[in-house]
Amino acid sequence: MARALLRRLGAAARARLRRALPPALGLLPELLGGGLPRAPDRRRAGAIRQTGSKVSVDLLLIHGLGGSRNIWEPVIPLLESEREVHAIDMPGFGETPPLPEGEEPTAANLARAVHEECARNGVERPHVAGNSLGGWVALEMGRFGWAASVTTLSPAGLWSRPLGEPNGGGARMLLRGSPWVKAARPFLSLALQFPQTRHAAFQSIAARPEKIPPDAARALVLGWLDGEGYNAANRAMRNHVFDPSGYPEDVPVTIAWCEKDRLLGPPKPHRRPAGSRFLVLPGVGHTPTWDDPELVARTLLDGSAVAAPA
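Quick note, the sequence shown lines up with residues 817 to 1126 if you use this note's numbering.
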């Protein structure tokens, strides 16, 4: 049935849909991967996973646009012997509801919400690490004095000028309500069992997308398709830039750029906080946690060392 509905769209319609989708999902109409059962509504003031280790050094992990705390699953076991790890869902993603109506989900506002959720959970001024939009949020937490150190993986916001309005929101809304997506949802788990499907769907965010487990791939699609906060956060992200001026000198910052990043280019030096450490992570894509968990873990441990990075 799903294939029949796709055929009825016609080649031209499928091509237009592919062009409108974010790069990571542009092939899903052909792979029956554009939809899946919606996540259960587990609304809370915030969702944060804590490892409960005995280590006294807190490390907060923040995901990127359309993701959830689940992106850190490959890395957390490599961290928890040396850090008390807290992985959070940002407002509008995963299990956390969006910001209140009328409050723009800028990186600064998301940072404030994350800080407040940490405080409710007894986490005060942790070391903070983030990927993509989560990296920008981590930088804002450092600016406000809410982070002991900041480590970012291909952070968003370090571009020279606003990127402008997104062009994929309409396609996303079309996908959410279209009959072919509803028909294709039951087939997604099956389609994502095949490494070739995962490679085609996620090659823009991972250097080795076939390493993404099927369940994690399914969650990534859900985050893009069903995340309540996606459109607003995407618009806010694209319409603002990170301001590196006046960044606190007592907050060590590491900007780790993913060598195989296909979504963002590395920032120019003047777009980075003064005194920040810049390094390149070899062989990994924009969201590197599945590509090389060991490399990511070492980077986060180094960046969150008690002493400031040299």
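We treat Cβ as the ideally placed atom computed from N, Cα and C, and that holds for glycine. Bear in mind the structure is a predicted one, so any value in this text is a computation, not a measurement.
query                                                                                                                                                                                          : result
Please report how far the alpha carbon of Ile878 lies from the alpha carbon of Phe1003, in whole angstroms.                                                                                    : 30 Å
For Lys1027, I'd like the list of residues in its chain whose CB is within less than 8 Å of its CB, leaving aside the five on either flank, ordered along the chain.                           : Trp1106 and Asp1107
Please go through the same chain and pick out, in chain order, the residues whose beta-carbon is closer than 7 Å to the beta-carbon of Asp1077, but skip the five residues on each side of it. : Ser970, Gly1101 and His1102
Whose C-beta lies closer than 7 Å to the C-beta of Val1043 among residues of the same chain, with five residues either side of it excluded?                                                    : Correcting the residue type first, residue 1043 is Gly in the shown sequence and not Val. Only Gly882, Gly908 and Phe909 meet the Cβ criterion.
Evaluate Ser1061 with the Cβ neighbour count: other Cβ atoms within 10 Å of its Cβ, from every protein chain shown; 16 or more gives buried, anything less gives exposed.                      : exposed
Give me the residue from Ile1021, Ser872, Gly958 and Leu1080 with the minimum Cα distance to Arg1037.                                                                                          : For the record, residue 1037 in the displayed sequence is Val; it is not Arg. Nearest C-alpha to Val1037: Ile1021.
By Cβ distance below 7 Å, which residues in the same chain neighbour Ala855 in space, the five residues on each side in sequence not counted?                                                  : Its pLDDT being 36, under 50, Ala855 is placed unreliably in this model, and the coordinates cannot settle the point.
Residue ranges of each beta strand (DSSP E) run of no fewer than 3 residues wholly in the stretch 943-984, ordered along the chain?                                                            : 943-947 and 965-969
Does any residue of chain D bring its CB to less than 7 Å from the CB of Thr1105?                                                                                                              : The question asks about chain D, but that chain is absent: this structure has only one protein chain.
Secondary structure at His902, three-state DSSP: helix, strand or coil?                                                                                                                        : strand
Less than 8 Å between the CB atoms is what I'm expecting for Met1053 and Ala972, so what's the real figure, rounded?                                                                           : 6 Å
On the DSSP letters alone, give me the boundaries of the beta strand (DSSP E) that Leu875 sits inside.                                                                                         : Asp874 to Ile878
Excluding the five sequence neighbours on either side, which residues of its own chain have a C-beta within less than 8 Å of the C-beta of Glu889, listed in chain order?                      : Ala1032 and Thr1105
If I measure Cβ to Cβ from His981 and keep anything under 8 Å in the same chain, skipping five residues before and after, which residues do I get?                                             : The displayed chain sequence assigns Glu, not His, to residue 981. Taken in chain order, the residues that qualify are Arg1051, Arg1054 and Asn1055.
If Ala945 sits next to Leu875, beta carbons under 8 Å apart, how far is it from one beta carbon to the other, in whole angstroms?                                                              : 7 Å
Alpha carbon to alpha carbon, how far is Gly842 from Arg1034?                                                                                                                                  : Confidence in Gly842 is poor, its pLDDT being 40 and thus under 50, which makes the residue's placement too unreliable to answer from.
Select from Gln1012, Val939, Gly1081 and Glu1110 the residue whose C-alpha is nearest the C-alpha of Ile864.                                                                                   : Val939
Which of the three DSSP states is assigned to Arg1078 in this structure?                                                                                                                       : coil
Are His931 and Ala964 touching if we call contact CB-CB under 7 Å?                                                                                                                             : no
I need the DSSP call for Val1096, collapsed to helix, strand or coil.                                                                                                                          : strand
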